[in-house]
Each structure stands twice: as C-alpha cells, then as structure tokens.
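>
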Amino acid sequence: MKKIFTNSFSILGMTVCLFFFPNCRGDILPTEEDLANYGWDMYEAGNFLDAREWFGDALKKDSSYYDSYNGMGWTMGHLRQADSSVHYFSMYLSNDTNFVDKLDFYAGLSFGYNALGDDVNARKYCNIFFGNQNPILDPDWVFSHNKKINHLDVRLVLAVSEFHLALFDNCQSSINKIYKDAGSSIVVDVDVTSVQGRAVLASHIASLQTTLKNS
Numbered sequence: 006m007k008k009i010f011t012n013s014f015s016i017l018g019m020t021v022c023l024f025f026f027p028n029c030r031g032d033i034l035p036t037e038e039d040l041a042n043y044g045w046d047m048y049e050a051g052n053f054l055d056a057r058e059w060f061g062d063a064l065k066k067d068s069s070y071y072d073s074y075n076g077m078g079w080t081m082g083h084l085r086q087a088d089s090s091v092h093y094f095s096m097y098l099s100n101d102t103n104f105v106d107k108l109d110f111y112a113g114l115s116f117g118y119n120a121l122g123d124d125v126n127a128r129k130y131c132n133i134f135f136g137n138q139n140p141i142l143d144p145d146w147v148f149s150h151n152k153k154i155n156h157l158d159v160r161l162v163l164a165v166s167e168f169h170l171a172l173f174d175n176c177q178s179s180i181n182k183i184y185k186d187a188g189s190s191i192v193v194d195v196d197v198t199s200v201q202g203r204a205v206l207a208s209h210i211a212s213l214q215t216t217l218k219n220s
C-alpha cells in the first residue's frame with residue numbers, strides 16, 4: 006500500500022509540475038542542424054525561397070555548420086544566382102575540406118562555374134570532384150537531396166568545359182566515360198582535329214544533356 010501511495014504522489018508531483026510550470030522541461034530550441042534539415046525539406050519540395058530562409062537562419066545560428074553552406078549553395082543555384090551559389094560553397098571550403106558530403110560542394114561548384122560560363126574553374130572542380138571520389142566505396146555519387154543529379158552530370162559538365170576550352174581529346178574521353186558508366190555500348194571515335202569530328206562531339210554532348218535531363 007505504501008508503494009502505491011508513493012507512486013501516486015510521484016505521478017501527482019509530475020502533474021503539478023506540468024500544471025504550474027508548463028515549461029519546466031525547458032524550451033526546446035531548434036539547432037542549426039534542425040534548421041538546415043527544414044531547409045532541405047523545402048528544397049526537396051521545390052520551395053527554394055523558403056529553403057533559402059531556413060538555411061540563412063541556420064547560418065545565423067552557427068556560421069560553422071557545413072550543411073547550411075551546402076544548402077545555400079544548391080538553393081541559390083536553383084534560384085539562378087550562380088555567383089551566390091559559388092560564394093557559399095567556396096566560403097566553407099576555404100576553411101575546411103575534410104568533412105562528409107564534400108562531393109556535394111565540388112559538384113555544386115562545377116555546376117555553378119558552368120552556369121557562369123567559367124570553363125576553367127568548372128573543369129577544375131569537376132576534376133577535384135572525381136579526384137576525391139572513392140572508386141570503391143563511392144563510385145557512383147548521387148546527390149542525396151535530388152536523386153536525378155549524379156556523377157554523370159558532373160562528367161557532362163567536364164565534357165562541355167573541355168569542348169569550350171578546345172581540349173577535344175579530353176572531351177571525347179569524357180563523353181565515352183559517360184556512355185560506359187551509363188551502361189551504354191556506344192563508343193565515340195572521331196578525328197577531333199577536323200570540323201566534322203568536333204561537330205560529332207557537340208552532337209553527342211547535346212544528346213547526353215537531353216538524356217540525363219530526362220532520366
């Protein structure tokens with residue numbers, strides 16, 4: 006009986022606490038990780054303006070949290086503000102390059118510089134991306150917040166940059182790598198010193214852009 010009363014008083018005490026002090030457990034405040042996660046929810050739903058606001062709040066709460074910069078970089082890209090996208094990716098990488106999901110940053114920079122028409126830097130970050138990709142543990146990178154974006158898209162940006170920079174041999178190799186990684190039997194082998202050969206490369210790039218966009 007004593008035990009029953011003791012338990013009853015314990016429950017009563019808890020009830021009284023909650024009645025008189027509704028916040029006796031303390032305020033539950035969102036962390037920078039929570040705010041960034043909300044941002045990704047908005048991003049994945051296509052609400053990029055709301056995503057920008059959430060990622061901005063996450064940065065204000067903790068300016069050292071990598072995923073807030075990641076989210077801002079990708080969100081600004083979708084808002085057609087490629088310069089801002091590059092800014093956020095580069096800002097974090099200037100302080101740290103040893104963290105999880107860094108391939109997201111290098112891919113984002115590749116796309117950002119491509120959108121800006123800066124083929125030198127687009128090619129640079131494509132190569133950094135593939136240089137950091139683990140061929141055994143992570144050979145087929147996919148952007149976790151948009152499964153339609155993957156390593157083939159980064160390779161395509163590389164091919165486009167090489168074409169614009171007149172690195173036609175490299176461009177042909179990149180095109181063939183895309184076909185191989187996509188499981189295609191197509192092999193491009195043209196005379197890249199000729200106008201006709203370069204036109205074939207351009208047609209393959211255009212075809213791959215359409216294919217990857219619709220895949």
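The numbering used here puts the first residue of the sequence shown at 6, with every later residue one more than the last. Built from N, CA and C at the ideal position, the CB exists for glycine as well. Please read these numbers as outputs of a predicted model, since none were measured by experiment.
Does DSSP classify Asn132 as helix, strand or coil?
Asn132 falls in the helix class under three-state DSSP.
> Excluding the 5 residues flanking Leu40 on each side, which residues of the same chain have their C-beta closer than 8 Å to its C-beta?
Closer than 8 Å at the Cβ level, and outside the excluded window around Leu40, lie Trp59, Phe60, Asp62, Ala63, Lys66 and Ser73.
> Considering only C-alpha positions, which residue in the set Asn139, Ser199, Tyr97 and Leu121 is nearest to Gly82?
Ranking Asn139, Ser199, Tyr97 and Leu121 by Cα distance to Gly82 puts Leu121 first.
> If you count every other CB in all the chains shown that lies within 10 Å of the CB of Leu108, and 16 or more means buried, which is it?
Classification of Leu108: buried, given that the 10 Å Cβ count is 16 or more.
> Which residue marks the beginning of the alpha helix (DSSP H) containing Asn175, and which one marks its end?
Taken as a continuous stretch (DSSP letters only), the alpha helix (DSSP H) holding Asn175 covers Phe173 to Asp186.
> Mapping DSSP to helix, strand and coil, what is Asn155?
Strand.
> Answer with buried or exposed for Phe104, where buried requires no fewer than 16 other C-beta atoms within 10 angstroms of its C-beta.
Counting Cβ neighbours within 10 Å, Phe104 comes out exposed, since fewer than 16 surround it.
> Roughly how many whole angstroms lie between the Cα atoms of Thr216 and Tyr184?
Each residue's Cα considered, the two are about 11 Å apart.
> So who's on the other strand from Val125, going by DSSP bridges?
Val125 pairs with nothing; no bridge assigned.
> How should Leu119 be labelled, buried or exposed, when 16 other C-beta atoms within 10 angstroms of its C-beta is the threshold for buried?
Correcting the residue identity first, residue 119 is Asn in this sequence and not Leu. When all chains shown are included, Asn119 counts as buried.
> When the distance is taken between beta carbons, is Phe134 closer than 9 Å to Tyr111?
Yes.
> Can you tell me the Cα-Cα spacing of Met47 and Thr198, whole angstroms?
In a straight line, the C-alpha of Met47 is about 47 Å away from that of Thr198.
> Measuring alpha carbon to alpha carbon, tell me which residue in Gly51, Leu213 and Ser149 is nearest Val162.
Here the closest residue by C-alpha is Leu213.
> Looking only at DSSP bridge pairs, what is Val147 linked to?
DSSP output for Val147 lists Asn155 as bridge partner(s).
> If you follow the alpha helix (DSSP H) that Val200 is in, where does it begin and where does it stop?
First-last of the alpha helix (DSSP H) with Val200: Val200 to Asn219.
> Are the segment 158 to 172 and the segment 125 to 140 touching by the rule of at least three beta carbon pairs closer than 8 Å?
Output reads yes: the segment 125 to 140 touches the segment 158 to 172.
> Using CA atoms only, rank isn't needed, just tell me which of Leu170, Leu34, Ser89 and Leu157 is closest to Arg57.
Ranking Leu170, Leu34, Ser89 and Leu157 by Cα distance to Arg57 puts Ser89 first.
> So Asp254 is in the alpha helix (DSSP H); what residue range does that whole segment cover?
Only positions 6 to 220 of the chain appear in the structure, and residue 254 is not among them; the question remains open.
> Do Gln177 and Leu206 have their C-beta atoms closer together than 9 Å?
Yes, these two residues count as a Cβ contact at 9 Å.
> Helix, strand or coil, according to DSSP, for Gly51 in the structure here?
Looking at Gly51 - three-state DSSP - the assignment turns out to be coil, as it is neither helix nor strand.
> I need the straight-line Cα distance from Met77 to Asn219, nearest angstrom please.
One C-alpha to the other measures close to 25 Å.
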